[in-house]
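Residue numbers (our numbering), protein chains in the order written: chain Z, 3 to 267; chain Y, 448 to 701. Don't be surprised by glycine CBs; every beta carbon is placed ideally from N, CA and C. This report concerns only the one structure given below.
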Amino acid sequence: MSWSSISALVLRYLYLYTRNPIRMIELLFWPLVHLLVWGFLTEFLQKHTTDSFPHEITYLIGAVILWDVLFRAQQGVAIFFLEDVWSRNLLNVFAAPVTNADYLFATYIVGFMRATVTSTLLVVLSLVLYSFNIFTLSWALIPFLFNLLVFGWALGMISTALIVRWGPAAETLAWAVPFFIQPFAAVFYPLNDLPAGVQVISKSLPCTYVFEGMRSGLRDGVVPMNDLLMATGLNVVYLALAGLLFVRVMAKAREKGLLTKFASQ
Amino acid sequence: MSQPVLSVKKITKTFGDFTAVDQLSFEIGKGKVLGLLGANGAGKTTAINMVLGIISPTSGGVEVFGEDLTKSRIAILRRMNFCSTYTQLPGNLTVRQNLKVFGKLYRVKNLKQRIDEVLGLLEISQLKDRVSGHLSAGESTRLNLCKALLNRPELLLLDEPTASLDPDIADKVRKVVKRVRDEEGTTMLYTSHNMRDVEEVCDEIVFMHKGKILVSGTNEEVKQHFEEESLEDVFIRVARSGDIEAKRLKEAKK
Ligand SMILES: Nc1ncnc2c1ncn2[C@@H]1O[C@H](COP(=O)(O)OP(=O)(O)OP(=O)(O)O)[C@@H](O)[C@H]1O
Ligand SMILES: [Mg+2]
Numbered sequence: 003m004s005w006s007s008i009s010a011l012v013l014r015y016l017y018l019y020t021r022n023p024i025r026m027i028e029l030l031f032w033p034l035v036h037l038l039v040w041g042f043l044t045e046f047l048q049k050h051t052t053d054s055f056p057h058e059i060t061y062l063i064g065a066v067i068l069w070d071v072l073f074r075a076q077q078g079v080a081i082f083f084l085e086d087v088w089s090r091n092l093l094n095v096f097a098a099p100v101t102n103a104d105y106l107f108a109t110y111i112v113g114f115m116r117a118t119v120t121s122t123l124l125v126v127l128s129l130v131l132y133s134f135n136i137f138t139l140s141w142a143l144i145p146f147l148f149n150l151l152v153f154g155w156a157l158g159m160i161s162t163a164l165i166v167r168w169g170p171a172a173e174t175l176a177w178a179v180p181f182f183i184q185p186f187a188a189v190f191y192p193l194n195d196l197p198a199g200v201q202v203i204s205k206s207l208p209c210t211y212v213f214e215g216m217r218s219g220l221r222d223g224v225v226p227m228n229d230l231l232m233a234t235g236l237n238v239v240y241l242a243l244a245g246l247l248f249v250r251v252m253a254k255a256r257e258k259g260l261l262t263k264f265a266s267q
Numbered sequence: 448m449s450q451p452v453l454s455v456k457k458i459t460k461t462f463g464d465f466t467a468v469d470q471l472s473f474e475i476g477k478g479k480v481l482g483l484l485g486a487n488g489a490g491k492t493t494a495i496n497m498v499l500g501i502i503s504p505t506s507g508g509v510e511v512f513g514e515d516l517t518k519s520r521i522a523i524l525r526r527m528n529f530c531s532t533y534t535q536l537p538g539n540l541t542v543r544q545n546l547k548v549f550g551k552l553y554r555v556k557n558l559k560q561r562i563d564e565v566l567g568l569l570e571i572s573q574l575k576d577r578v579s580g581h582l583s584a585g586e587s588t589r590l591n592l593c594k595a596l597l598n599r600p601e602l603l604l605l606d607e608p609t610a611s612l613d614p615d616i617a618d619k620v621r622k623v624v625k626r627v628r629d630e631e632g633t634t635m636l637y638t639s640h641n642m643r644d645v646e647e648v649c650d651e652i653v654f655m656h657k658g659k660i661l662v663s664g665t666n667e668e669v670k671q672h673f674e675e676e677s678l679e680d681v682f683i684r685v686a687r688s689g690d691i692e693a694k695r696l697k698e699a700k701k
């Protein structure tokens, strides 16, 4: 891995965002809309539900914040590739001395930066608008965030691999892939209330354990270590498999001339 | 000839059952410019992409600086560069920002100074702070060339570098290419549909037809071979009756 290549790729991305501040809207607007919708819904439910109603529903705001970390990390990786497609720059990058590892690492950093921008905004606004304090989770917040970041990277690599394989027509996958898993990831509702068959899928996703852990943490003030360990273990597997998929698809792309097709479309 | 800088050994590329490049072999010695010619679809760009490692050959191999491309790709790429009409630098960055990014990718020393040098060489210093996407086609081609020269490549691949340039600028670009070859001893692989370019810049040419080499040699040799006055005439003849020429050559060899 070469730090100078990685920093050059990240620099390109920073130029892109600082030159066109309008791009920041994408990073700020949607998360803000989600926060407002779920925040008002939470307030409504808090006012009108009795004690018998599951308490978890009030943790929707936490779910919005944490989901966005995963989503932004995934976007960082997937959009990174698409930016080069859109600007017809793909061959310049892949004909430069850049290894797969350099490339992926740069996308991770960009994913991290995107997640940081959005989550900072959400954390502050949720505190100001709804007095929701995510820091109640104290130390557990760090492994939670890290696990979501890593799973976002893995999903990002999978999105990019699918786009390379299926061509520009599959571009929307960059936005769609995280939402394929959202219904199963127990983001807004507890795992136990999902149908048994669905729970099997949910339990195979690292982020499920983070959202479950978040609810326990906010409710009882204790985060089950088991959840954290499961999330971390599964993430190692996902990251490795996604990396493998990416490398194999890139080899396939060289064989079929897929990257040059992108360049001319 | 001392060790060739680029040595292409019987590379073949098939896409499904279509053969884009068929058993192509050639070598380029240090400081030489080889023109890769042929009609649209002859396989020139595919061949260049194989030398860059963006497309992997179905069979055959590529050696650059005496090393196998698949084994030492990154180290090799650091010492080469390319410019193609098929790519652009990101349109949403300024000229200078783009060159800074690629300069860092290629680990160029004294980058700031080098950027000024290449911009001056291609006479686009005044565009330094313009957004790349706002450049005219010809200016953008010259920016591509700046990127290609940044790391003082020992091997430079140019895929139709003068397409979309007006005659005046095309002439200037040819002069730059010759200057770089003469002053830095850069080895080049050059494709162009402009035969004037080829006559002026290339030391040797390889004529491709449907992925195969039809003839190769110096400009004079190729012209003599076809008994034509100019490369332009050779080109037209090959483009219109390449199959017949290929057959004639095959029989002549027997
Ligand atoms: N990725 C690909 N998949 C399938 N076919 C391809 C691919 N890339 C190139 N081809 C085919 O291979 C042939 C050679 O294409 P190539 O781009 O190398 O030609 P060229 O000599 O550069 O032509 P031009 O002068 O028009 O640039 C063409 O028929 C093209 O359609
Ligand atoms: Mg071509």
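Proximity below 8 Å, CB of residue i to CB of residue j
i, j, result
"glycine 500 of chain Y", "leucine 481 of chain Y", "no"
"leucine 582 of chain Y", "leucine 592 of chain Y", "no"
"isoleucine 81 of chain Z", "alanine 163 of chain Z", "no"
"leucine 18 of chain Z", "leucine 540 of chain Y", "yes"
"threonine 634 of chain Y", "glycine 478 of chain Y", "yes"
"leucine 552 of chain Y", "alanine 172 of chain Z", "no"
"leucine 150 of chain Z", "cysteine 209 of chain Z", "yes"
"tryptophan 281 of chain Z", "valine 79 of chain Z", "The structure shown does not extend to residue 281 of chain Z, since chain Z is modelled only from 3 through 267, so no value can be given for it."
"cysteine 530 of chain Y", "lysine 594 of chain Y", "yes"
"phenylalanine 248 of chain Z", "alanine 65 of chain Z", "no"
"asparagine 528 of chain Y", "proline 608 of chain Y", "no"
"phenylalanine 146 of chain Z", "leucine 261 of chain Z", "no"
"valine 112 of chain Z", "tyrosine 15 of chain Z", "yes"
"arginine 116 of chain Z", "arginine 74 of chain Z", "yes"
"leucine 471 of chain Y", "alanine 494 of chain Y", "yes"
"glycine 421 of chain Y", "serine 89 of chain Z", "Absent from the structure is residue 421 of chain Y, since the part of chain Y shown begins at 448 and ends at 701."
"phenylalanine 186 of chain Z", "leucine 207 of chain Z", "yes"
"valine 100 of chain Z", "serine 7 of chain Z", "yes"
"alanine 255 of chain Z", "valine 166 of chain Z", "yes"
"glycine 490 of chain Y", "valine 468 of chain Y", "yes"
"valine 452 of chain Y", "glycine 476 of chain Y", "yes"
For residue i, the nearest candidate out of the options (CA to CA)
i, options, result
"leucine 29 of chain Z", "Z:Thr122, Z:Phe190 and Z:Ala103", "Z:Thr122"
"glutamate 674 of chain Y", "Y:Leu574, Y:Glu692, Y:Lys619 and Y:Lys657", "Y:Glu692"
"glutamine 184 of chain Z", "Z:Val239, Z:Pro99, Z:Met252 and Z:Gln76", "Z:Gln76"
"histidine 640 of chain Y", "Y:Val627, Y:Met655 and Y:Gln470", "Y:Met655"
"phenylalanine 137 of chain Z", "Z:Thr234, Z:Met115, Z:Gly169 and Z:Gly219", "Z:Gly219"
"leucine 568 of chain Y", "Y:Arg626, Y:Leu696 and Y:Ile458", "Y:Arg626"
"arginine 577 of chain Y", "Y:Asn666, Y:Val542 and Y:His672", "Y:Val542"
"lysine 258 of chain Z", "Y:Tyr637, Y:Leu453, Y:Phe462 and Y:Phe473", "Y:Phe462"
"alanine 188 of chain Z", "Z:Ile24, Z:Arg167, Z:Arg217 and Z:Ser6", "Z:Arg217"
"glycine 169 of chain Z", "Z:Val100, Z:Phe83 and Z:Tyr191", "Z:Phe83"
"leucine 93 of chain Z", "Y:Val669, Y:Arg695, Y:Asp606 and Y:Glu676", "Y:Asp606"
"phenylalanine 465 of chain Y", "Y:Lys457, Y:Thr505 and Y:Pro451", "Y:Thr505"
"glutamate 308 of chain Z", "Z:Ile67, Z:Leu68 and Z:Thr109", "Because residue 308 of chain Z is not part of the residues shown, which for chain Z are 3 to 267, the question remains open."
"tryptophan 69 of chain Z", "Z:Arg21, Z:Met3, Z:His36 and Z:Pro23", "Z:His36"
"threonine 588 of chain Y", "Y:Ala699, Y:Gln535 and Y:Asp618", "Y:Gln535"
"arginine 526 of chain Y", "Y:Leu696, Y:Gly476, Y:Leu597 and Y:Glu474", "Y:Leu597"
"leucine 231 of chain Z", "Z:Lys49, Z:Ala198 and Z:Tyr211", "Z:Tyr211"
"glycine 223 of chain Z", "Z:Pro197, Z:Thr174, Z:Leu129 and Z:Leu143", "Z:Leu143"
"asparagine 91 of chain Z", "Y:Gly580, Y:Lys622 and Y:Leu604", "Y:Gly580"
"leucine 603 of chain Y", "Y:Glu651, Y:Gly632 and Y:Asp618", "Y:Gly632"
"aspartate 615 of chain Y", "Y:Ile458, Y:Val653, Y:Glu586 and Y:Ala686", "Y:Glu586"
Sheet register partners of residue i (DSSP bridge)
i, result
"methionine 227 of chain Z", "Answer by DSSP bridge pairing: none, since methionine 227 of chain Z is not bridged."
"histidine 656 of chain Y", "Y:Lys659"
"glutamate 510 of chain Y", "Y:Ser454 and Y:Asp515"
"valine 468 of chain Y", "Y:Lys460"
"glycine 482 of chain Y", "Y:Tyr637 and Y:Ile652"
"glycine 235 of chain Z", "Partner(s): none; glycine 235 of chain Z has no beta bridge."
"cysteine 530 of chain Y", "Y:Leu605"
"phenylalanine 473 of chain Y", "Y:Val455"
"valine 578 of chain Y", "Y:Thr541"
"glycine 664 of chain Y", "Y:Ile652"
- Task: Determine, using beta-carbon pairs with one atom in the stretch 651-668 of chain Y and one in the stretch 470-485 of chain Y, whether at least three such pairs fall under 8 Å.
- Result: yes
- Item | 4 or more residues per run - each alpha helix (DSSP H) lying fully within the stretch 108-170 of chain Z | 143-168
- Message: For the stretch 101-116 of chain Z against the stretch 554-572 of chain Y, do three or more pairs of beta-carbon atoms, one drawn from each stretch, fall closer than 8 Å, so that the two count as touching?
- Response: no
- Is there contact here, the stretch 490-500 of chain Y with the stretch 567-587 of chain Y, by at least three beta-carbon pairs under 8 Å? no
- Message: Using 8 Å as the cut-off, can you tell me whether the stretch 61-73 of chain Z makes contact with the stretch 35-49 of chain Z, which would need three or more C-beta pairs spanning the two stretches below that distance?
- Response: yes
- Taking three-plus beta-carbon pairs below 8 Å as touching, is the stretch 669-684 of chain Y in contact with the stretch 641-653 of chain Y? yes
- May I have a chain-ordered list of the alpha helix (DSSP H) segments no shorter than 4 residues that lie completely inside the stretch 19-46 of chain Z? none
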